[in-house]
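J.: In our numbering, the protein residues as written are 8 to 715.
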Amino acid sequence: MNIQKLFTLPRRAVNKRLSRGGHGLYLWTLLLSFFLVGPAPAEEKTALEMETIRVTAEKREGNIQEIPGSISVVSDVQLDDLKMDEIKDISFLVPNLYITDTGADQSFASMRGIGASMAGAPTVGIYVDDVYTPFGLDLALMDVARVEVLRGPQGTLYGRNSEAGIINIISKKTTDHWTGKAVADIGTFDSYKASGVLSGTLAGKLGVRAALQYFESDGWFENQWNGSDEGGRKEAFNGRLHFSLPASEQLHFQLIYDLCRRDNPHYANFAFLDQPGELRENLNVDTMGEAKKDIDTLSLRGQYDFGRNRLVSITSFDRVTATASNDIDFMPVELMNLSVVQEIETFSQEFRLMSTDDTGPFTWLMGAFFLHENRDETLGMWMNFMNMGMGIPGESLDSQSAFTTTGGAIFGEATYAFADRLYLTLGLRYDREEQDVDYHRPSSGPILSMMGYAPVRGATDDTHDAWLPKIALRYTVTDAVSPYLSVSRGFRSGGYNIVENLGSAFAPEFTWNYEAGIKAAFLDNRLQCNAAVFYIDWTDMQVEVPTAGGTAFYMNNAAEASTRGAELEVSARPMAGVNLFAGMGYTQAEYDDYRVGANMYNGNTIIDTPEMTFYLGGIYRHEWGFFASLLYRYVGAVTIDVANTHEQDAYGLLNGKIGYEGDAFDLYLYARNLFDEAYTTRQVNVQGVWAGRAGEPLSVGANLSFRF
Numbered sequence: 008m009n010i011q012k013l014f015t016l017p018r019r020a021v022n023k024r025l026s027r028g029g030h031g032l033y034l035w036t037l038l039l040s041f042f043l044v045g046p047a048p049a050e051e052k053t054a055l056e057m058e059t060i061r062v063t064a065e066k067r068e069g070n071i072q073e074i075p076g077s078i079s080v081v082s083d084v085q086l087d088d089l090k091m092d093e094i095k096d097i098s099f100l101v102p103n104l105y106i107t108d109t110g111a112d113q114s115f116a117s118m119r120g121i122g123a124s125m126a127g128a129p130t131v132g133i134y135v136d137d138v139y140t141p142f143g144l145d146l147a148l149m150d151v152a153r154v155e156v157l158r159g160p161q162g163t164l165y166g167r168n169s170e171a172g173i174i175n176i177i178s179k180k181t182t183d184h185w186t187g188k189a190v191a192d193i194g195t196f197d198s199y200k201a202s203g204v205l206s207g208t209l210a211g212k213l214g215v216r217a218a219l220q221y222f223e224s225d226g227w228f229e230n231q232w233n234g235s236d237e238g239g240r241k242e243a244f245n246g247r248l249h250f251s252l253p254a255s256e257q258l259h260f261q262l263i264y265d266l267c268r269r270d271n272p273h274y275a276n277f278a279f280l281d282q283p284g285e286l287r288e289n290l291n292v293d294t295m296g297e298a299k300k301d302i303d304t305l306s307l308r309g310q311y312d313f314g315r316n317r318l319v320s321i322t323s324f325d326r327v328t329a330t331a332s333n334d335i336d337f338m339p340v341e342l343m344n345l346s347v348v349q350e351i352e353t354f355s356q357e358f359r360l361m362s363t364d365d366t367g368p369f370t371w372l373m374g375a376f377f378l379h380e381n382r383d384e385t386l387g388m389w390m391n392f393m394n395m396g397m398g399i400p401g402e403s404l405d406s407q408s409a410f411t412t413t414g415g416a417i418f419g420e421a422t423y424a425f426a427d428r429l430y431l432t433l434g435l436r437y438d439r440e441e442q443d444v445d446y447h448r449p450s451s452g453p454i455l456s457m458m459g460y461a462p463v464r465g466a467t468d469d470t471h472d473a474w475l476p477k478i479a480l481r482y483t484v485t486d487a488v489s490p491y492l493s494v495s496r497g498f499r500s501g502g503y504n505i506v507e508n509l510g511s512a513f514a515p516e517f518t519w520n521y522e523a524g525i526k527a528a529f530l531d532n533r534l535q536c537n538a539a540v541f542y543i544d545w546t547d548m549q550v551e552v553p554t555a556g557g558t559a560f561y562m563n564n565a566a567e568a569s570t571r572g573a574e575l576e577v578s579a580r581p582m583a584g585v586n587l588f589a590g591m592g593y594t595q596a597e598y599d600d601y602r603v604g605a606n607m608y609n610g611n612t613i614i615d616t617p618e619m620t621f622y623l624g625g626i627y628r629h630e631w632g633f634f635a636s637l638l639y640r641y642v643g644a645v646t647i648d649v650a651n652t653h654e655q656d657a658y659g660l661l662n663g664k665i666g667y668e669g670d671a672f673d674l675y676l677y678a679r680n681l682f683d684e685a686y687t688t689r690q691v692n693v694q695g696v697w698a699g700r701a702g703e704p705l706s707v708g709a710n711l712s713f714r715f
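1. So, at 8 Å on beta carbons, what are the nonlocal neighbours of S569 in its own chain, with the 5 sequence-adjacent residues on each side left out?
2. If we count the other Cβ atoms within 10 Å of its Cβ and call it buried at 16 or more, is G296 buried or exposed?
3. Could you have a look at F713 and say whether DSSP puts it in helix, strand or coil?
4. What are the start and end residues of each continuous beta strand (DSSP E) run of 3 or more residues lying completely inside the region 575-653, in chain order?
5. Going by DSSP in three states, Q72 sits in which element: helix, strand or coil?
6. Please determine, among V292, V204, F358, the residue with the shortest C-alpha to C-alpha distance to D137.
7. Within the region 492-575, note down every full beta strand (DSSP E) run reaching 3 residues or more, in order along the chain.
8. How many Å lie between S77 and Q261 at the Cα?
9. Check the C-beta distance from D225 over to F196 and give it rounded, since I have them as a contact under 8 Å.
10. Where DSSP assigns a beta bridge to A479, which residues make up the other side?
11. Starting from the N-terminal side, write out each stretch of the beta strand (DSSP E) that is 3 residues or longer and does not extend beyond the region 311-366.
12. Using the DSSP secondary-structure output, state which residues sit across from V292 in a beta bridge.
13. Locate the beta strand (DSSP E) running through T130, then write down its first and last residues.
14. So the candidates are G590, E170, P581; which of them puts its Cα closest to the Cα of P495?
15. Is DSSP giving G699 helix, strand or coil here?
16. Under 8 Å, do T436 and F418 count as touching if we go by C-beta distance?
17. Taking the C-alpha atoms as reference points, what is the distance between S82 and A278?
18. Is the region 200-217 close to the region 94-113, with three or more CB pairs under 8 Å?
19. Determine the extent of the alpha helix (DSSP H) in which D88 is found, giving its start and end residues.
20. Check L55 in the structure and name its three-state DSSP category.
21. Rank E65, A698, Q690 by C-alpha distance to the C-alpha of M373 and give the top, closest one.
22. State whether the region 373-384 contacts the region 344-360, with contact taken as three or more CB pairs (one from each stretch) at a distance under 8 Å.
23. Assign E237 to one of two classes, buried (16 or more other C-beta atoms within 10 Å of its C-beta) or exposed (fewer than that).
24. Pick helix, strand or coil for M457, following the three-state DSSP scheme.
25. Taking the alpha-carbon of N563 as reference, which of M388, S500, D472, Y521 has the nearest alpha-carbon?
26. If you run the structure through DSSP and keep just helix, strand and coil, what is T163?
27. Any idea what DSSP makes of S98, helix, strand or coil?
28. Could you name the residues of the same chain whose beta carbon sits closer than 6 Å to that of E242, not counting the 5 residues immediately before and after it, in chain order?
29. Among A416, H273, T432, whose alpha-carbon lies nearest the alpha-carbon of L423?
30. Given this structure, state the Cα-to-Cα distance separating T558 from E285, to the nearest angstrom.
31. Using only CA atoms, which one of K300, G194, L164, L404 lies nearest to E703?
32. List the whole-angstrom C-beta distance separating G172 from V154, where the pair is believed to meet the contact cut-off of C-beta under 8 Å.
33. Beta-carbon separation of S636 and L89 under 8 Å?
34. With burial defined as no fewer than 16 other Cβ atoms inside 10 Å of the residue's Cβ, what is the status of K95: buried or exposed?
35. Verify whether the separation of the beta carbon atoms of L534 and A579 is less than 8 Å.
36. Find the nearest neighbour of I454 within the set S198, R439, M390, E440, judged by alpha-carbon distance.
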């Protein structure tokens, strides 16, 4: 019996389903048997081959298997099939990417152990259509073509705040003919979402694409103090308007406006860990808090092709208004409340000139970048814990800061092919930025004044610059096997403290990344394996240093560190309509030199870094329209404090989705956290007592979409 023929779908099923990203789910234990069968006919081989993935994260289009670096890509089909609605969800498919979720619009990411904090600049840069996006981790994945994740420092092409890596989001383009899609979604916790997309061409030339999305949910937290079950409530409205104009055969313009409105009217998320019962039901606060965020981004891209060269201009303007207030004592008494108001305006301009002829041995890219940012922040921390029972009113520790950042960079990268097998890539970037800050802390009351919080007013400025080189070697053993070596440098911007040590500066931190990897395809490109090992040397590390009283933190360059680890990603198409995938990330991240007073932390694990992450999943489509997907992700234990006395437990999550797909409509049922695993996404120490934020419990929903 021909086993391969038995398990291969008819060709009409292949043509119908592979055009929509045909994948499927079968047990991984059967994978070997699928690959050990006899050779398939040529037409079946073509159907079974996995598609070539083209990426633009290196600022030119290229085959992911030919780029000397560790890259993960999540396609639009995977985003839909695996029910990934937010950028945070892509961590399910990206080894060594860990996102700390502290609640409404307060997430930060780490990659390969290089992490950020609530106070410092990010280490993972988020870009949407070539434009840097602040608060990007909390954006919805609306009308997205793919998400590219580059691990390791990307300083040569991206500069500041990309020392851990970047997440590059590419939205869908306009279409030549009119098409559209409408989606309705309903789920647990009174969750509702509606979205729509319309795309086409006006006057035979002007491409237009519009996307809108509305979402609301009561959240999964319950407050014992007032009986509310709307802790973590969220309301969000997102929109995108995309114009595309080919002015001539050589000249093309693209104008994109992105809008995001988010409101979290019941911000409270944290409860004490030592209470009986489910953590998510143990909120007990007298103030539910609120968080709002408005983000507007306008970008213009111009592209001019001449000869064998291309000139690209990207101009962007970004405005963010964010407010938040929260009960940070996590108790039903008025002890500590925090309020934050931020207003940020950013203008950036980038020019790139590059070669477009890929047939020769030499390709190159050069560019210049300019940035100007104004950021105003007002912080208010109302405190009453030192006055209880004394009849003294609470006092507020306030600060106002106005930051101005002006930066510029020049960069270049070139690749030369020796005898079409050995490829040498050299890159270099010079980055320079000037930061100015005006700060003010008014009188805070007698109690806080006695604690050392006297009025402060001042202004200061600082200038940082950096050379960011890159070198990579790639050797083509065969058309399907390609090992590589790379060395690159990254850095994270310095800044100023705005609460403790108000006005004091902290310098940039730097990393050197040493990496070796291999990219390979087997069995007529039905099986792909990409692997990498790395070592990162971390200097002038920015850390949160506690004050003498232990009640607050400030940023300082107080540590040296190193990380080492590996990544492995495997994808397979054992039969038409079936796709299987798995990935693993290992990171050992340690402080090499870190002292706070008399305390030495050398050799301790760096906080917010799971040693192990892995995922396993698959997607299945049948010719009659049946669809199913499963995805499991494991996250290892995470150390929470630098002394390594407390850690957040490991956990595993299983998500699933089934449905029917027709010619014009799709209907799905989905579930998150199928085993109802209890876990926390963030833990904090409140005056010696640990509190945590519960992760999403078992939730289910239904999704209906129409295409036209």
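From the three backbone atoms N, C-alpha and C, an ideal C-beta is built for every residue, glycine too. It should be emphasised that the depicted structure is a prediction, and the values quoted were computed from it without experimental measurement.
T.: Once the coordinates are examined:
1. Within the sequence shown, numbered from 1, the residue matching residue 569 stands at position 562. Excluding residues within five positions, the ones whose Cβ falls inside 8 Å are Y542, I543, D544, W545, A596, E597, D599.
2. Taking the sequence shown and counting its residues from 1, one reaches residue 296 at position 289. Looking at its Cβ environment, which holds 16 or more other Cβ atoms inside 10 Å, G296 is buried.
3. Here residue 713 corresponds to residue number 706 of the sequence shown, with the count starting at 1. Here F713 sits in strand by DSSP.
4. 585-603, 619-628, 633-642
5. The sequence position of residue 72 within the sequence shown is 65, counting from 1. Looking at Q72 - three-state DSSP - the assignment turns out to be helix.
6. In the sequence shown, counting from the first residue as 1, residue 137 sits at position 130. The candidate whose alpha carbon is nearest that of D137 is F358.
7. 516-529, 534-553
8. Here residue 77 refers to the residue found at position 70 of the sequence shown. Here residue 261 refers to the residue found at position 254 of the sequence shown. Taking the straight line from one Cα to the other gives about 29 Å.
9. Numbered from its first residue, the sequence shown carries residue 225 at position 218. Numbered from its first residue, the sequence shown carries residue 196 at position 189. Their Cβ separation, rounded to whole angstroms, is 5 Å, which keeps D225 and F196 in contact under 8 Å.
10. Against the sequence shown, residue 479 aligns to sequence position 472. Looking at the DSSP assignment, A479 forms a beta bridge with T432, S493.
11. 316-334, 343-362
12. The residue labelled residue 292 in the question sits at position 285 within the sequence shown. The partner list for V292 (beta bridge, DSSP) is empty, contrary to what the question assumes.
13. As a working mapping, residue 130 is identified with position 123 in the sequence shown. Counting along the chain, T130 falls outside any beta strand (DSSP E), and DSSP gives it neither H nor E.
14. Reading the sequence shown from its first residue, position 488 is the one you call residue 495. The identity of residue 495 in the sequence shown is Ser, whereas the question assumes Pro. Comparing Cα-Cα distances from S495 to each of G590, E170, P581, the minimum goes to E170.
15. By one-based count along the sequence shown, residue 699 stands at place 692. Strand at G699.
16. Along the sequence shown, read from residue 1 onward, the residue named residue 436 stands at position 429. Along the sequence shown, read from residue 1 onward, the residue named residue 418 stands at position 411. First, the residue type needs correcting, since residue 436 is Arg and not Thr in the sequence shown. Cβ distance < 8 Å, so R436 and F418 count as in contact.
17. Taking the first residue of the sequence shown as 1, we reach residue 82 at position 75. Taking the first residue of the sequence shown as 1, we reach residue 278 at position 271. Taking the straight line from one Cα to the other gives about 37 Å.
18. no
19. Within the sequence shown, the letter at position 81 stands for residue 88. Looking at the DSSP string, the run of the alpha helix (DSSP H) that includes D88 is 83-88.
20. Mapped onto the sequence shown, residue 55 falls at position 48. DSSP places L55 in helix when its eight states are reduced to three.
21. Stepping through the sequence shown from its first residue, residue 373 is reached at position 366. Of E65, A698, Q690, the residue nearest in Cα terms is E65.
22. yes
23. In the sequence shown, the residue the question calls residue 237 occupies position 230. The residue is buried, with at least 16 neighbouring Cβ atoms inside 10 Å.
24. Numbered from its first residue, the sequence shown carries residue 457 at position 450. It is helical.
25. Here residue 563 is taken as the residue at index 556 of the sequence shown, counted from 1. When only C-alpha atoms are compared, the closest one is S500.
26. Taking the first residue of the sequence shown as position 1, residue 163 is located at position 156. Helix.
27. Indexing the sequence shown from 1 puts residue 98 at position 91. Of the three classes helix, strand and coil, the one that applies to S98 here is helix, per DSSP.
28. As a first step, residue 242 is located in the sequence shown; it is residue number 235 there, counting from the start. The residues are E223, D270.
29. Residue numbering aside, residue 423 sits at position 416 when the sequence shown is read from its first letter. One detail in the question is off: residue 423 reads as Tyr in this sequence, not Leu. The option with the nearest alpha carbon to Y423 is T432.
30. If you number the sequence shown from 1, residue 558 lands on position 551. If you number the sequence shown from 1, residue 285 lands on position 278. Note that T558 has pLDDT 48, beneath the 50 cutoff, so the model's placement of it is unreliable and the number below is only indicative. Taking the straight line from one Cα to the other gives about 28 Å.
31. Your numbering for residue 703 matches position 696 in the sequence shown. Among K300, G194, L164, L404, the Cα nearest to that of E703 belongs to G194.
32. Reading the sequence shown from its first residue, position 165 is the one you call residue 172. Reading the sequence shown from its first residue, position 147 is the one you call residue 154. That belief does not hold up - the Cβ atoms of G172 and V154 are roughly 12 Å apart, past 8 Å.
33. On the sequence shown, position 629 is the one that residue 636 refers to. On the sequence shown, position 82 is the one that residue 89 refers to. In contact: S636 and L89 (Cβ atoms closer than 8 Å).
34. Mapped onto the sequence shown, residue 95 falls at position 88. So K95 counts as buried.
35. On the sequence shown, residue 534 is found 527 positions in, with the first residue counted as 1. On the sequence shown, residue 579 is found 572 positions in, with the first residue counted as 1. Yes.
36. Position 447 of the sequence shown holds residue 454. Among S198, R439, M390, E440, the Cα nearest to that of I454 belongs to M390.
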